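Read in order, the letters of the sequence shown correspond to residues 1 to 62 in our numbering. Even for Gly, the Cβ is constructed at its ideal location relative to N, Cα and C. Remember, it's a predicted structure, so these values are computed and weren't measured experimentally.
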Amino acid sequence: MPIIKIDHDKCDASDCAECVDSCPMSIFQLENNKIITKSGEDCNLCEMCQDLCPSSAINITE
């Protein structure tokens with residue numbers, strides 16, 4: 001199962017949320033101005049969110 005870490009100190013979710021919009025598996029959601037993973041086990045390891053994050057706040061490992 002992939003491990004998805006979001007550095008909330010780097011993430012500017014209130015102005016961005018690029019990962020929410022780009023994830024083909026819809027595993028991210030915006031909650032209280034923070035990005036959270038709602039179903040990390042569904043991640044297909046495409047790393048699109050990691051690649052598109054402008055603040056490099058997402059790290060995915062297997």
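Under the three-state DSSP convention, the category residue 45 falls into: DSSP places residue 45 in coil when its eight states are reduced to three.
Euclidean distance between Cα positions of residue 18 and residue 25: Residue 18 and residue 25: Cα-Cα distance of roughly 14 Å.
Buried versus exposed, by CB contacts within 10 Å (16 or more), residue 53: So residue 53 counts as buried.
Helix, strand or coil at residue 31 according to DSSP, with G and I counted as helix: Residue 31: strand per DSSP, three-state reduction.
When 39, 3 and 9 are compared against residue 20, the one with the closest alpha-carbon: Minimum Cα distance to residue 20 is reached at 39.
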